[in-house]
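Numbering (the numbering used here), first residue to last: 119 to 658.
Right under this line is the structure:
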């Protein structure tokens with residue numbers, strides 16, 4: 119089966135090459151003819167009335183997020199402080215060796231499938247909590263925060279911001295659930311390489327519940343979608359937008375400018391992805407905080423210069439969230455735009471982040487689930503909200519945007535908003551876009567690789583073929599007009615929601631047990647410290 123699938127991908131490659139050699143319009147038209155049915159199916163809107171139509175996949179996504187929020191007793195809020203402490207490394211000692219091993223009697227709380235040793239911790243994972251968080255953030259913090267917010271505001275008005283925030287807060291529970299399972303059911307190779315994600319918890323978790331055939335089907339479906347999503351939304355779209363901004367900034371008129379940019383970008387991506395998750399994590403832990411810091415700093419400068427307008431902006435956001443005046447679809451239209459863009463940005467419920475988080479070094483799966491809930495907060499609640507406030511405040515006079523009139527070039531609109539206060543910031547924004555695109559590509563290459571390995575098996579030849587294909591699509595994405603290609607790519611990413619949400623809901627009782635186990639471990643350590651024990655974290 120795996121050889122058959124691998125051969126199929128090999129046969130498809132010449133077709134793609136031929137399409138790339140033709141005109142962009144022909145590629146777009148042919149691609150749409152063959153994939154339009156899939157896109158229409160994923161984003162099919164259920165009519166609740168003549169005016170209100172809601173995409174069914176959005177209902178699944180938000181329904182799952184609400185379920186996780188209530189089932190785990192609002193972990194998105196109650197676990198926030200703990201998440202910050204875990205990222206700081208406060209509980210690194212018990213995560214490496216177990217709370218009872220270090221601070222109490224040895225009991226059965228340590229997982230039987232993880233080797234217990236104080237000298238060799240390689241079996242516990244490949245990266246730290248912070249590295250796993252930044253690797254996952256690098257795939258979510260990006261063009262969605264810059265361009266996606268502008269698009270949402272153009273369609274849904276300022277009120278869409280409120281619903282983006284709601285999507286981010288609810289998504290925190292989804293991220294916690296899926297990333298806990300990612301660590302719980304990961305595979306660890308003999309060399310310490312970690313293989314994890316929905317493919318593995320759908321297979322192993324469902325097998326434990328006597329539903330092995332269903333789990334296998336869902337896992338294969340998810341793996342196919344994640345590979346397709348990695349080539350499209352996680353690669354070609356990113357490369358295309360970065361190339362477009364670069365060629366525009368330097369006014370490059372050559373028809374081949376995008377292709378040349380693609381070759382350079384592909385070379386840089388190759389250097390990183392060939393090193394695997396460790397190198398990806400080491401790069402993203404530096405790039406993500408740096409570029410996010412620059413973007414947030416610029417946003418704060420603009421908000422600081424217009425501090426007297428912030429309350430008016432929030433007033434407009436709140437009013438628009440519940441009135442929907444002047445927006446197509448009214449209140450529901452505003453709600454859909456905000457939630458959809460929020461979900462697109464933070465990918466909570468999609469299952470992709472569980473792949474990156476599964477590589478963390480820890481004995482307690484729930485520890486990484488708690489860390490993961492910070493992701494939608496940073497991505498959507500903080501960065502997307504800042505972008506929205508900047509646009510709303512700088513557009514009070516309606517100089518560059520008319521709400522309710524859809525736009526396509528979201529990055530340009532955001533650049534215009536920043537330029538009104540910080541002249542020529544569009545240059546820095548272009549650099550940020552390229553860095554965002556780069557970090558998203560390297561992280562999605564890891565996601566796609568995990569799906570590829572699940573489908574075709576582990577091996578150097580299989581790995582190399584995926585990486586060559588991925589780098590090829592970097593060049594393709596930089597060279598052509600995407601059109602229907604990105605519609606299909608987005609559909610594949612959203613299609614990942616279906617098998618993932620089904621699996622996480624079914625396996626929720628297991629997640630709750632893991633959460634209880636980790637919170638008990640924290641209590642064991644804290645009780646020991648109160649009784650005078652030495653905090654062993656400093657010796658790690």
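Using N, Cα and C, we set each Cβ at its ideal position, and we do this for glycine too.
Taking the Cα of residue 296 as reference, the smallest distance to any Cα among 343, 409, 262 and 190 is reached at 190. Per DSSP, the unbroken beta strand (DSSP E) holding residue 171 starts and ends at 171–173. Per DSSP, the beta bridge partners of residue 305 are 313. Under the three-state reduction of DSSP, residue 623 is assigned to helix. The way I'd put it, the segment 480–493 does touch the segment 191–199; three or more beta-carbon pairs between them come closer than 8 Å. DSSP lists 173 as the beta-bridge partner residues of residue 163. In this structure, DSSP gives residue 327 a state outside helix and strand, which the three-state scheme calls coil. DSSP places residue 560 in the uninterrupted alpha helix (DSSP H) bounded by 543–574.
In the DSSP assignment, residue 215 falls within the unbroken alpha helix (DSSP H) covering 210–215.
Going by beta carbons, residue 518 and residue 531 fall inside the 8 Å limit. Taking 8 Å as the cut-off, the Cβ atoms of residue 565 and residue 344 count as close. Take the alpha-carbon of residue 353 and the one of residue 614: they are about 16 Å apart. Ranking 620, 559, 647 and 513 by CA distance to the CA of residue 347 puts 559 first.
With contacts defined as CB atoms closer than 8 Å, residue 642 and residue 218 qualify as a contacting pair. Residue 192 sits in coil when the DSSP states are folded into three classes, being neither helix nor strand.
When 501, 153 and 593 are compared, the shortest CA-CA separation from residue 375 is found for 593. With a contact defined as Cβ atoms closer than 8 Å, residue 476 and residue 315 qualify at about 6 Å. Distance from the CA of residue 293 to the CA of residue 312, rounded to the nearest whole angstrom, comes to 19 Å. Nearest to residue 203 by C-alpha distance, out of 360, 492, 552 and 539, is 492.
Under a 10 Å Cβ-count criterion, residue 627 is classified as exposed, with fewer than 16 other Cβ atoms of the shown protein chains found around its own Cβ. Non-local beta-carbon contacts of residue 282 in its own chain, meaning distances under 8 Å to residues more than five positions away in sequence, involve 267, 270, 456, 457, 459, 460, 463, 498, 502, 503 and 506 in chain order. Residue state for residue 521 is assigned as coil, using DSSP reduced to three classes. Between residue 277 and residue 522 the beta-carbon gap is near 11 Å, outside 8 Å, which marks them as no contact. In the structure shown, the three-state DSSP call for residue 538 is coil. Assignment of residue 467 by DSSP, reduced to helix, strand and coil, places it in the coil class.
Taking 8 Å as the cut-off, the beta carbon of residue 572 is found closer than this to the beta carbon of residue 337.
Residue 154 and residue 214 have their alpha carbons spaced roughly 48 Å apart. The shortest C-alpha to C-alpha distance from residue 474 to any of 425, 524 and 568 is the one to 568. By the neighbour-count definition (other C-beta atoms within 10 Å, threshold 16), residue 300 is a buried residue. Burial state of residue 440 is exposed, judged by a 10 Å Cβ sphere holding fewer than 16 other Cβ atoms. Residue environment: residue 392 is assigned as exposed (fewer than 16 neighbouring CB atoms within 10 Å of its CB, all protein chains considered).
For residue 483, the secondary structure class from DSSP, reduced to helix, strand or coil, is helix. The straight-line gap separating the alpha-carbon atoms of residue 341 and residue 416 is approximately 38 Å.
Around the beta-carbon of residue 302, 16 or more other beta-carbon atoms lie within 10 Å, marking it buried. In this structure, DSSP gives residue 277 a state outside helix and strand, which the three-state scheme calls coil. Where residue 391 is concerned, the enclosing alpha helix (DSSP H) starts and stops at 375–391.
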